[in-house]
Amino acid sequence: MSLSALLRTAAAGAVLLAAPLAHAEGTYEIPAGAHFSQEKLAKISDFFKNEVATGKIPGAIVLIRQHGKPVYHEAFGVQDVVSKVPISDKTIFRLFSMTKAITSVVAMELLQEGKYKLDDPVSKYIPSFANVKVGVEKKAEDGTKTLELVPPNRPMKIVDLMTHTSGVTYGFYGDSLVRKAYRDANIYAGDFDLAEFAERIAKLPLHNQPGALWQYGHSTDILARVMEVATGEKLSTIEREKLLDPLGMKDTGFFVTDPAKQKLMAEPMPNDSDFRVGHINDPTKVKKWESASGGMVSTMADYSRFAQMLLNGGTFEGKTILKPETFKELTTDHVGPGSGVDRDYFYFPGDGFGFGLGLAVRTDPGNAKPPPPGDLGELKWDGASGCYFVIDRKQDMFFILLEQTPTERQRIQRTLKQLIYEAMEN
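Below, the structure written as structure tokens:
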């Protein structure tokens, strides 16, 4: 694998990087009201059965729901190749960056309650962020690079955390000096909570000026600490009260301590166990850090309820999670033309997508010819383990893929999306 390919693969939640797709003509911006061909959906089953049979993945589960009813719901293979227990709706998957979508929705709930404002400086809740500096790389004549620390042009705001434009990054992808500083700081050492983690991040330089660049990283963890300070509760308590209990997501959380539930956990292939996110994510071992950016687990039974709420525009079974104006704020592109936000090689929403307050939002066909399948307004995210979801409100449809396969995920996600949209007809 080339270095550039490795770097791209290494980022947790690297989302469907654009690549021209064969046979994708006609699957972009399908007229509203399309329905699924069961015959064409069978190609999804053929694809995943082959993935399992050829030993590429232990298993996976796929759900497509349209107009509130499942149109495709199949499980393939096993939870792990040791126990050989078949995958089911109750199988527990590590979500990695699909955790961010949950955190972001709860953050929006607190926003609509007036617990904070998008324009609030982060330092109002975490004072040490008042002293943060921006790392600017300087190159000497001999080619050596040094890091100059300069003051931010403006304070980092809560909206910057939600749009990943805060300058807070990850240390496990890319080779910039700021990312190297993250690696050298050993920020995952010991048993620490979100408060301590925020202090560790505040000591590190920002990768860029606040609001200047879409930059994937620990912004969601800093956001979670703001949520804790604003409410006086710990993150898991806030999420349980605001979202998980109202939606009936009983098997979604940060840790799996029940021995019976531990037997339901999906595992990757033994040679694919390193998720390359800089630290070990073992939900069976309780620790203080509730990683808002990548630490949650869930099941198809649970995450489908979350996806249905998003498809409904913020409501679920008579409960209003997000008001219409809050949902619109969440799902409106905040980093597009005129926003002042730059994009670089590591812009993980991908070709044709902007970014709302925690989800990628389809804004245009993109540059690939033919364009990747989908509809304008599509919402999506994924994670390092291969879990992936797409909300298509135009077709009143969502789909979810749950799997544990870091090295195969991008190929599988692209293929699945293509097969789903090719199965649609008017």
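Residue 37 is where the sequence shown starts when you use the working numbering, and the numbers rise one by one after that. Note that the Cβ used here is the ideal one computed from N, Cα and C, for glycine as well.
- Task: Go ahead and pull the three-state DSSP assignment for alanine 328.
- Result: Stepping through the sequence shown from its first residue, residue 328 is reached at position 292. Coil at alanine 328, not helix or strand.
- Query: Is asparagine 222 buried or exposed, if buried means 16 or more other CB atoms sit within 10 Å of its CB?
  - Reply: Indexing the sequence shown from 1 puts residue 222 at position 186. The residue in question, asparagine 222, is exposed, as its Cβ has fewer than 16 Cβ neighbours within 10 Å.
- Query: Counting only runs that start and end within the segment 220-260, where is the alpha helix (DSSP H) found for 4 or more residues in a row?
  - Reply: 230-238
- Query: Where do the N-terminal and C-terminal ends of the beta strand (DSSP E) with lysine 181 fall, by residue?
  - Reply: As a position in the sequence shown, residue 181 is number 145, starting the count at 1. 181-186 is the span of the beta strand (DSSP E), which, as asked, contains lysine 181.
- Item | proline 408, buried or exposed, once every other Cβ within 10 Å from all chains shown has been counted against 16 | Here residue 408 is taken as the residue at index 372 of the sequence shown, counted from 1. Buried.
- Item | Simplified DSSP assignment, three categories, for glutamate 275 | On the sequence shown, residue 275 is found 239 positions in, with the first residue counted as 1. Look at glutamate 275 here: in three-state DSSP terms it is helix.
- Would you please state the rounded distance, in angstroms, between the beta carbons of threonine 180 and serine 327? I believe it to be under 8 Å. As a working mapping, residue 180 is identified with position 144 in the sequence shown. As a working mapping, residue 327 is identified with position 291 in the sequence shown. Not really, about 35 Å apart at Cβ, beyond 8 Å.
- Item | For alanine 302, the three-state DSSP class (helix, strand or coil) | Residue numbering aside, residue 302 sits at position 266 when the sequence shown is read from its first letter. Reduced to three states, the DSSP call for alanine 302 is coil.
- lysine 297 by DSSP, collapsed to three states: which one? By one-based count along the sequence shown, residue 297 stands at place 261. Helix, per DSSP.
- Item | Proximity of valine 114 and leucine 77 at Cβ, strictly below 9 Å | Mapped onto the sequence shown, residue 114 falls at position 78. Mapped onto the sequence shown, residue 77 falls at position 41. No, the Cβ-Cβ distance between valine 114 and leucine 77 is not below 9 Å.
- Task: Within the same chain, show all residues whose beta-carbon is closer than 8 Å to that of valine 322, passing over the 5 residues directly before and after it, in chain order.
- Result: Within the sequence shown, numbered from 1, the residue matching residue 322 stands at position 286. Excluding sequence neighbours, valine 322 sits near Phe291 and Thr293.
- Query: Just reading off the beta strand (DSSP E) that aspartate 398 is part of, what are its end residues?
  - Reply: Here residue 398 corresponds to residue number 362 of the sequence shown, with the count starting at 1. In the sequence on display, residue 398 carries arginine and not aspartate. Note, arginine 398: beta strand (DSSP E), 396-398.
- Item | Limits of the beta strand (DSSP E) - the one that lysine 174 falls within | By one-based count along the sequence shown, residue 174 stands at place 138. Its beta strand (DSSP E) spans residues 170-175.
- Query: Looking at isoleucine 80 and leucine 455, is the spacing between their C-beta atoms short of 9 Å?
  - Reply: Against the sequence shown, residue 455 aligns to sequence position 419. Against the sequence shown, residue 80 aligns to sequence position 44. Closer than 9 Å, so yes.
- For isoleucine 123, the first and last residue of its enclosing alpha helix (DSSP H): As a first step, residue 123 is located in the sequence shown; it is residue number 87 there, counting from the start. Careful: isoleucine 123 lies outside any alpha helix (DSSP H) and carries neither H nor E.
- Item | Spatially closest choice to valine 313 from Thr273, Thr443, Ser334 and Ser272, by CA coordinates | Counted from its first residue, the sequence shown places residue 313 at position 277. For valine 313, the nearest C-alpha among the options comes from Thr443.
- Message: Cutting at 6 Å between CB atoms, please list the residues of its own chain near aspartate 287, excluding the five before and the five after it.
- Response: On the sequence shown, position 251 is the one that residue 287 refers to. The residues are Thr335 and Asp338.
- Task: Mark glycine 253 as exposed unless 16 or more other C-beta atoms lie within 10 angstroms of its C-beta, in which case mark it buried.
- Result: Locating residue 253 in the sequence shown gives position 217, where the first residue counts as 1. Under this definition glycine 253 is a buried residue.
- Taking 8 Å as the threshold, find out whether the segment 163-175 comes into contact with the segment 233-251 through three or more Cβ pairs. yes
- Is phenylalanine 132 helix, strand or coil by DSSP? Counting from 1 along the sequence shown, the entry for residue 132 is found at position 96. Note: phenylalanine 132 maps to coil in three-state DSSP.
- Query: Within 10 angstroms of its Cβ, does aspartate 82 collect 16 or more other Cβ (buried), or is it exposed?
  - Reply: Taking the sequence shown and counting its residues from 1, one reaches residue 82 at position 46. Result: exposed.
- Message: Given this structure, state the Cα-to-Cα distance separating proline 282 from methionine 345, to the nearest angstrom.
- Response: To locate residue 282, count along the sequence shown from 1; it is residue 246. To locate residue 345, count along the sequence shown from 1; it is residue 309. Approximately 11 Å between the Cα atoms of the pair.
- Note down the Cα distance separating glycine 376 from aspartate 156, rounded to an integer number of angstroms. One-based indexing of the sequence shown puts residue 376 at position 340. One-based indexing of the sequence shown puts residue 156 at position 120. In a straight line, the C-alpha of glycine 376 is about 19 Å away from that of aspartate 156.
- Unbroken beta strand (DSSP E) run spanning isoleucine 97, endpoints: Taking the sequence shown and counting its residues from 1, the one referred to as residue 97 is at position 61. Note, isoleucine 97: beta strand (DSSP E), 95-102.
- For histidine 103, the nearest candidate out of Leu452, Thr451 and Ile427 (CA to CA): Residue 103 sits at position 67 when you count from the first residue of the sequence shown. Residue Ile427 is the option with its Cα nearest to histidine 103.
- the segment 210-226 contacting the segment 188-202, beta-carbon criterion three pairs below 8 Å: no
- Going by C-alpha distance, which of Trp417, Ala234 and Phe382 is nearest asparagine 167? Position 131 of the sequence shown, counted from the first residue, corresponds to residue 167. Checked all of Trp417, Ala234 and Phe382; the closest Cα to asparagine 167 is Ala234.
- Task: Please report how far the alpha carbon of glutamine 446 lies from the alpha carbon of glutamine 440, in whole angstroms.
- Result: For this step, residue 446 is matched to residue 410 along the sequence shown. For this step, residue 440 is matched to residue 404 along the sequence shown. Using only the alpha carbons, I get a separation of about 12 Å.
- Item | Sequence-distant residues of the same chain with beta carbon closer than 8 Å to leucine 39, five excluded per side | Residue numbering aside, residue 39 sits at position 3 when the sequence shown is read from its first letter. With a pLDDT of only 36 at leucine 39, under 50, the local geometry of the prediction cannot be trusted, and the value read off the model is given with reservation. For leucine 39, where only same-chain residues beyond five positions count, there are no Cβ hits under 8 Å.
- Could you give the C-beta distance for proline 401 and glycine 388, rounded to a whole number, given that I count them as a contact under 8 Å? Here residue 401 refers to the residue found at position 365 of the sequence shown. Here residue 388 refers to the residue found at position 352 of the sequence shown. Taking a contact as a CB-CB distance under 8 Å, the pair proline 401 and glycine 388 counts as one, their CB atoms being some 6 Å apart.
- Ignore the nearest five residues each way along the sequence and tell me which others in asparagine 86's own chain have a CB closer than 6 Å to its CB. Within the sequence shown, numbered from 1, the residue matching residue 86 stands at position 50. Closer than 6 Å at Cβ, skipping near neighbours: no residue.
- Message: Just verifying my parser: in three-state terms, what is the DSSP assignment at isoleucine 448?
- Response: Position 412 of the sequence shown, counted from the start, is the residue given in the question as residue 448. Looking at isoleucine 448 - three-state DSSP - the assignment turns out to be helix.
- Quick one: give me the first and last residue of the beta strand (DSSP E) that phenylalanine 391 is part of. In the sequence shown, residue 391 corresponds to position 355, counting from 1. Counting along the chain, the beta strand (DSSP E) containing phenylalanine 391 begins and ends at 389-391.
- Task: Classify aspartate 308 as buried or exposed, calling it buried when 16 or more other Cβ atoms lie within 10 Å of its own Cβ.
- Result: Translated into the one-based positions of the sequence shown, residue 308 becomes position 272. Classification of aspartate 308: buried, given that the 10 Å Cβ count is 16 or more.
- Applying the criterion that 16 or more other CB atoms from any shown protein chain within 10 Å of the CB defines a buried residue, is isoleucine 316 buried or exposed? Residue 316 sits at position 280 when you count from the first residue of the sequence shown. Flag for isoleucine 316 reads exposed.
- Task: Go to valine 88, then tell me how far its beta strand (DSSP E) extends in each direction, as first and last residue.
- Result: Counting from one through the sequence shown, the residue named residue 88 turns up at place 52. Looking at the DSSP string, valine 88 is not in any beta strand (DSSP E); the run it does join, the alpha helix (DSSP H), is 74-89.
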